[in-house]
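Since the structure comes first, as structure tokens, the remarks are kept for the end.
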Amino acid sequence: MGFRDSEKRRLEPLKEDLFTHAACEPGLYRGRRRPFCLHEHHSLENLHESIREDALRYFAGRGIRWHDGIDGAPSNHLCCSQSCCVNFWFPFVRAPQELAAVLRKIGYDVAEVLPFTDDEPLDDGAPPYVAFEWIGARNYLDEHRRGRVAADHERTRGAGFTSLDFAIRFRRGDGRIQILAGEWKYTEAYASKSKRHSGKTDRLEQIYRPHLEHPDCQIVTGTVELDALFFDPFDQLMRQQLLCSAMEREHEMGADVVSLLHIAPQANGELMSRVTSPRLQELGNDVHGIWSRLTSPDRFRGIHVEDLLPEVCGDAPTRDTAEYLQRRFGGMA
Numbered sequence: 073m074g075f076r077d078s079e080k081r082r083l084e085p086l087k088e089d090l091f092t093h094a095a096c097e098p099g100l101y102r103g104r105r106r107p108f109c110l111h112e113h114h115s116l117e118n119l120h121e122s123i124r125e126d127a128l129r130y131f132a133g134r135g136i137r138w139h140d141g142i143d144g145a146p147s148n149h150l151c152c153s154q155s156c157c158v159n160f161w162f163p164f165v166r167a168p169q170e171l172a173a174v175l176r177k178i179g180y181d182v183a184e185v186l187p188f189t190d191d192e193p194l195d196d197g198a199p200p201y202v203a204f205e206w207i208g209a210r211n212y213l214d215e216h217r218r219g220r221v222a223a224d225h226e227r228t229r230g231a232g233f234t235s236l237d238f239a240i241r242f243r244r245g246d247g248r249i250q251i252l253a254g255e256w257k258y259t260e261a262y263a264s265k266s267k268r269h270s271g272k273t274d275r276l277e278q279i280y281r282p283h284l285e286h287p288d289c290q291i292v293t294g295t296v297e298l299d300a301l302f303f304d305p306f307d308q309l310m311r312q313q314l315l316c317s318a319m320e321r322e323h324e325m326g327a328d329v330v331s332l333l334h335i336a337p338q339a340n341g342e343l344m345s346r347v348t349s350p351r352l353q354e355l356g357n358d359v360h361g362i363w364s365r366l367t368s369p370d371r372f373r374g375i376h377v378e379d380l381l382p383e384v385c386g387d388a389p390t391r392d393t394a395e396y397l398q399r400r401f402g403g404m405a
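In structure tokens, the structure reads:
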């Protein structure tokens with residue numbers, strides 16, 4: 073049994089413990105009622121009650137689309153990666169000290185977590201300390217919309233453009249400002265299929281080559297053919313690392329360093345131990361290990377959800393948050 077199916081099976085009997093009775097009815101998802109989904113009228117419950125309304129307002133106010141969302145609410149699928157990410161990180165949006173403690177425990181030199189300049193403050197006027205689906209202040213990568221380079225204001229967060237699942241800004245012990253760009257995975261798995269071409273667009277030649285060949289690019293491209301990067305999840309890592317390179321080059325929000333953090337379950341072997349790009353297989357058999365070999369020092373790190381969970385729970389802003397995350401995500405295998 074694969075990881076995705078094992079997670080569906082693990083989560084089904086937990087529904088009664090985590091959600092209201094009405095939400096526990098099998099949910100309609102892609103035309104069928106499925107026991108591993110919440111009832112479609114209660115997809116809001118895919119987010120913990122302590123963050124639910126705040127997260128909905130955050131996404132709506134910034135025009136961020138929920139993946140497979142229902143009427144402006146999250147997906148009802150319990151294995152939704154976006155909901156998983158938001159459940160882990162949104163509790164820290166107003167908790168910079170607790171967030172700093174978590175980041176220190178996973179290896180970052182954090183003196184102070186700083187506000188993230190994220191278009192607008194939260195509803196109460198406070199600045200957010202975690203951003204979601206961040207795409208950069210400008211279209212640094214010259215990505216396309218309807219066959220042409222999109223203007224900055226035409227871009228959408230979370231769909232159609234390279235997005236960071238989450239982002240955090242902090243001051244380091246040496247006084248430098250760092251932005252931590254985050255990619256979150258859950259039950260994803262990918263086929264060995266090149267994504268170099270999209271319709272009539274050669275994405276390497278028409279979009280990304282100049283950025284891959286830029287002197288400040290954080291991807292060390294001299295050891296691999298560029299065509300080898302256009303296989304997910306490496307295609308996603310490539311685009312996110314290029315966005316980090318551009319944000320650092322432009323000193324976005326005063327940043328001196330912008331680095332990428334990739335988080336995924338170790339138990340998801342179909343993702344982590346499958347090298348979808350044939351020409352990257354000679355570099356190793358683990359996504360984190362391979363990407364570490366292709367990036368500049370200190371600009372990429374990969375950790376597992378299983379290792380992050382106890383640190384997040386240990387410094388969660390509330391006990392309810394910690395207990396919920398542990399009950400829902402603590403049994404991955």
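Residue numbers (the working numbering): 73 to 405. Virtual Cβ for every residue (Gly too), placed ideally from N, Cα, C.
Taking every protein chain shown into account, the CB of R275 has 16 or more other CB atoms within 10 angstroms, so this residue is buried. Assignment of beta-bridge partners to Q250 by DSSP yields F242, V329.
Just so you know, the alpha carbons of Q154 and V330 end up roughly 22 Å apart.
Bounds of the beta strand (DSSP E) holding I375 are 372-376.
Membership of G341 in the alpha helix (DSSP H) is indicated by the continuous run 341-344. Assigned with DSSP and collapsed to three states, S368 falls in coil, not helix or strand. Between R351 and E297, the C-beta gap is smaller than 8 Å, which places the two residues in contact. Bridge pairing for R104: Y101 [DSSP]. The three-state reading of DSSP puts V202 in coil, since its state is none of H, G, I, E or B. In the three-state DSSP reduction, S349 falls in the coil class, being neither helix nor strand. E97 and N148 have their C-alpha atoms some 11 Å from each other. I123 carries a coil assignment under DSSP once its states are collapsed to helix, strand and coil. In the DSSP assignment, E184 falls within the beta strand (DSSP E) that extends over 182-186.
Inclusion of W363 and L309 in the CB contact set at 8 Å is warranted, their separation being smaller than that value.
With a threshold of 16 other beta carbon atoms within 10 Å, G208 meets it and is buried. Taking C-beta atoms as the reference points, C157 and F75 fail to come closer than 8 Å. For the pair V384 and I335, the CB atoms are not nearer than the 8 Å cut-off. In this structure, F188 sits away from A167, with a CB-CB distance that is not shorter than 8 Å.
Taken through DSSP and simplified to helix, strand or coil, H139 comes out as coil.
DSSP places S270 within a strand segment (E or B) once states are collapsed to three. DSSP places D196 outside any alpha helix (DSSP H), giving it a letter other than H or E. Remark: fewer than three beta-carbon pairs, one from each stretch, lie closer than 8 Å, so the stretch 136-147 and the stretch 175-188 are not flagged as touching.
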